[in-house]
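J.:
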Amino acid sequence: MDSQLFLIDGNNGDTQSNNISKEYENKQILLKSKFIGKYLVYFTAAFVSVGTLLFGYSQGVMASIIVTPQFKLYFNDPSPHEISIIVSIMEIGALISSIIFNNLNYVGIDIGGRRHMIRLGSIIFILGGFLQFTAINKLQLILSRLIIGFAIGILSSNVTIYLSEISHSGSRGLIGSVQFVFNIIGYSTSIWTNYLSTAVFTGITNNWSWRFPFLFQLFFGILLLIGTFIVIESPRYLINYSDKKPYYKMESLIVLAKIHGKRDFLNDDEVITEYMNILEHHLVSNLNNDNKQPIWYYFKKYKKRFLVACSSLMLAQFNGINIIGYYSCLLFEQAGMLGRKTVLMSGINSIIYVLSTVPPCFLVDRIGRKCLLLIGAVGMGVSWLCIILIMAWNNPMYTPKLAVFFVIIFNSFFGFAWGPVPWLLASEIAPQSCRTLISSCSTAVNWLSNFIVGYITPILQDKIHYKFYILPLLFCVVSYIVVKYYYPETNGLHLEDMASVFYDEATTIKNGSLKSNLNTIKRYNSIPSQLDGLQYQTSILSTPSGRYESSLNNKGNITVTKPSTNKQVQTNNPLRDVLLQDDNISETDDAQVTPTTNLLTGQQLRVPSIDEFVNSKYINQLIIRDKD
């Protein structure tokens with residue numbers, strides 16, 4: 005039944021349970037912890053971003069090791085084809101795990117929350133890293149890279165989702181960009197670790213020169229594993245699974261209080277409003293069976309979101325970053341550099357690369373996502389054009405230096421825009437009902453694109469040399485066009501409000517009127533009502549196959565009108581009464597309207613009471629005291 009109107013019932017105007025015992029009528033509860041607010045969020049973001057550091061380290065470590073003489077000698081000087089497999093097999097593992105592990109919930113298998121998935125990824129990474137460190141032949145090295153890929157596929161998807169779900173709308177860009185900074189720190193760390201390792205472990209037969217960088221990455225895997233036992237769980241995940249475990253609602257509210265830095269959270273507008281918005285969104289998804297649909301349903305309903313998420317990560321790879329990331333040393337060899345100097349230049353490039361990722365942390369929430377992507381596409385395209393012309397010139401004195409310079413410029417523009425923003429977009433534009441699905445699909449596309457680039461690069465570099473770089477130049481042009489004319493701007497929107505720019509659930513509400521288009525959901529947040537002294541934004545959500553208008557009169561009543569019939573239903577309390585329950589509404593030229601109304605009751609949409617917290621396992625995190 006497409007045509008439904010959902011009205012949130014405020015439980016007689018009370019967001020709290022009506023069953024508060026007299027013992028707690030004059031009491032309030034506070035968070036015990038004082039490590040809350042932005043400091044907690046930044047700490048959590050830094051700790052969890054170690055997951056993307058592992059991703060960057062795993063990419064960079066092979067870029068420098070494959071040109072190490074000791075590595076070449078031990079593995080019998082691998083051919084370009086063998087190098088392609090060793091380097092790119094990690095992407096196959098990441099592709100497989102991003103599809104399988106991240107979508108187990110759609111086949112009824114629940115591993116746990118975001119923390120549990122990150123924990124699983126860290127354990128698999130430690131296993132793969134140990135096998136890589138102890139590799140005795142090419143087969144074991146390839147197997148270890150495949151297992152590390154399984155871990156990276158899990159981590160790259162879940163870390164970005166987790167960070168988007170614990171961030172404020174005004175700082176989500178900052179938090180999302182931080183994880184990419186860690187990614188590039190990992191990349192830089194791997195290159196410098198290898199450079200120092202070859203300086204310390206000299207001698208053509210000293211295999212510690214390449215084994216030590218593999219061993220060192222285990223430290224970060226263990227650090228991430230420890231962190232998963234410390235950080236908070238995602239509040240949106242908790243709400244999403246509160247149907248099976250009702251006490252998750254209390255934990256979600258406590259987590260939101262910690263994120264917002266509000267110790268007296270039951271009396272805080274900001275915390276309560278966000279909690280109710282998340283809960284409301286979840287309950288309406290349940291009423292629409294949005295959480296129990298086959299995968300193809302989400303592809304059809306959220307087609308543009310899938311396309312934006314997947315295309316942004318695909319273009320980020322085809323723009324050429326991993327031509328540099330995996331094979332910078334080979335590129336520098338093509339330009340005329342030899343020996344450890346190629347690793348040194350890659351290391352210097354990586355430091356500038358890290359520095360380039362810092363500005364978007366502060367700009368992405370100010371100038372927006374699209375602006376950064378457009379600037380990045382132009383900068384990268386110009387860089388590739390210059391690299392092609394310089395290598396065609398082939399001047400022994402200037403070509404190596406200029407090639408390094410423009411590789412650094414390219415990396416800077418990528419780190420400034422196409423590094424952090426696609427991951428941020430993929431995690432923030434998805435609705436809760438299929439956030440994991442969209443994230444895993446876009447991550448899978450990323451790793452498939454990554455594999456293609458990683459596999460063909462050494463082969464085509466060997467066959468057509470600098471002419472190969474025309475391909476990423478063309479993709480930079482395509483990227484500019486796609487972003488300019490297809491991507492929406494998502495800056496400043498709450499996760500639950502992304503539909504306002506994708507038009508697959510909602511359109512714009514102005515001046516207290518509600519206009520619902522065909523098969524859309526409308527968020528109506530313009531009717532304030534006093535609930536326990538709080539200014540609380542109420543909501544009406546609808547999916548009518550038709551067009552309605554509503555207005556608020558001077559008595560606080562809402563009038564809902566079906567223009568073609570002029571039939572009206574009036575309600576004295578927009579939080580209790582059911583709107584538009586008129587069996588005589590007829591079929592119109594606009595669309596057919598089914599006279600069905602679903603009601604979310606106040607028992608469903610409410611804030612847990614003090615009594616519930618006192619009698620829960622969370623009481624050890626709280627303080628009970630008299631009201632001020």
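Numbering (my numbering), first residue to last: 5 to 632.
Beta carbons are placed, not taken as given, at the ideal position from N, Cα and C, and that holds for glycine.
(1) Tell me the rounded alpha-carbon separation between L270 and M502.
(2) For W451 and T56, what's the separation of their Cα atoms in angstroms?
(3) Check whether the stretch 94 to 102 and the stretch 143 to 154 touch, using three or more Cβ-Cβ pairs below 8 Å as the test.
(4) For Y241, tell me which candidate among I234, F233, L35, Y252 has the shortest Cα-Cα distance.
(5) Tell me whether G157 is buried or exposed, calling it buried when 16 or more other Cβ atoms sit within 10 Å of its Cβ.
(6) Given K374, which residues of its chain have a CB within under 7 Å of its CB, disregarding the five upstream and five downstream residues?
(7) Quick check on DSSP: helix, strand or coil for D273?
(8) Apart from the five residues on each side of it in sequence, which residues of its chain come closer than 6 Å, Cβ to Cβ, to L159?
(9) With DSSP run on the structure shown, which of helix, strand or coil describes F370?
(10) Please classify I96: is it buried, with 16 or more other beta-carbons within 10 angstroms of its beta-carbon, or exposed?
(11) Can you tell me whether P298 is buried or exposed, with buried defined as 16 or more other CB within 10 angstroms of its CB?
(12) At what residues does the alpha helix (DSSP H) containing I433 begin and finish?
(13) Just how far apart, CA to CA, sit T223 and Q136?
(14) Quick one: what does DSSP say K36 is sitting in, helix, strand or coil?
(15) Can you give me the C-alpha to C-alpha distance between A510 and S504, rounded to a whole angstrom?
(16) Report yes if the CB atom of G380 is closer than 8 Å to the CB atom of F322, and no otherwise.
(17) Can V449 and P217 be called in contact, C-beta distance under 8 Å?
(18) Please state whether DSSP places D630 in a helix, a strand or coil.
(19) Quick one: residues in its chain with C-beta nearer than 7 Å to the C-beta of L626, no 5 flanking neighbours on either side, listed in chain order?
(20) Residues in the same chain with beta-carbon distance under 8 Å from L319, minus the five sequence neighbours each way, listed in chain order, please.
(21) For the 8 Å Cβ check, are there 3 or more pairs between the stretch 163 to 177 and the stretch 424 to 441?
(22) Taking only the alpha-carbon atoms, compute the straight-line gap between G132 and Y61 and give it to the nearest angstrom.
(23) Quick one: give me the first and last residue of the alpha helix (DSSP H) that I122 is part of.
(24) Looking only at its own chain, which residues have a Cβ that is under 6 Å from the Cβ of E237, when we skip the five neighbours before and after it?
(25) Are I188 and T48 close, meaning C-beta to C-beta below 8 Å?
(26) Applying the 10 Å Cβ sphere with the 16-neighbour rule, what's the burial state of G265?
(27) How is the alpha helix (DSSP H) around F59 delimited, first residue to last?
(28) What separation, rounded to the nearest whole angstrom, lies between the Cα atoms of L200 and K76?
(29) From the DSSP secondary-structure annotation, give me the bridge partner or partners of K31.
(30) Would you mind sorting M401 into buried or exposed? The rule is 16 or more other CB atoms within 10 Å of its CB.
(31) Would S161 pass as a contact of S387 if the rule is Cβ separation under 8 Å?
(32) Since I believe V45 is in contact with G231 (beta carbons under 8 Å), could you give me their beta-carbon distance rounded to a whole number of angstroms?
(33) Distance check for E500 and E169, CA to CA, integer angstroms please.
(34) How many angstroms separate the CA atom of V411 from the CA atom of T209?
(35) Got a sec, what are the start and stop residues for the alpha helix (DSSP H) K249 sits in?
(36) Report the residue from I468, I93, L58 whose alpha carbon sits nearest the alpha carbon of Q183.
T.: In brief:
(1) 27 Å
(2) 14 Å
(3) yes
(4) Y252
(5) buried
(6) So the qualifying residues of the chain are V487, Y491, E493.
(7) helix
(8) G55, G125
(9) The sequence shown places Arg at residue 370, rather than the Phe named in the question. Coil at R370, not helix or strand.
(10) Its Cβ being crowded by 16 or more others within 10 Å, I96 is buried.
(11) exposed
(12) Neither: I433 is in no alpha helix (DSSP H) and is coded neither H nor E.
(13) A small fix is needed here, since residue 223 is Phe in this sequence, not Thr. Taking the straight line from one Cα to the other gives about 14 Å.
(14) coil
(15) Note on A510: pLDDT 37, under 50, position unreliable in the model; no value is reported.
(16) no
(17) 8 Å or more divides the Cβ of V449 from the Cβ of P217.
(18) strand
(19) I33, L34, L35, K36, F617
(20) W422, P426, F479, V482, S483, V486
(21) yes
(22) 13 Å
(23) I122 -> alpha helix (DSSP H) spans 118 to 137.
(24) G117, R119
(25) no
(26) Taking all protein chains in view, the Cβ of G265 is crowded by 16 or more other Cβ atoms within 10 Å, so the residue is classified as buried.
(27) 54 to 69
(28) 18 Å
(29) D630
(30) Label assigned to M401: exposed.
(31) no
(32) Not confirmed; about 14 Å, so no contact.
(33) 11 Å
(34) 32 Å
(35) Where K249 is concerned, there is no enclosing alpha helix (DSSP H), given that its DSSP letter is neither H nor E.
(36) L58
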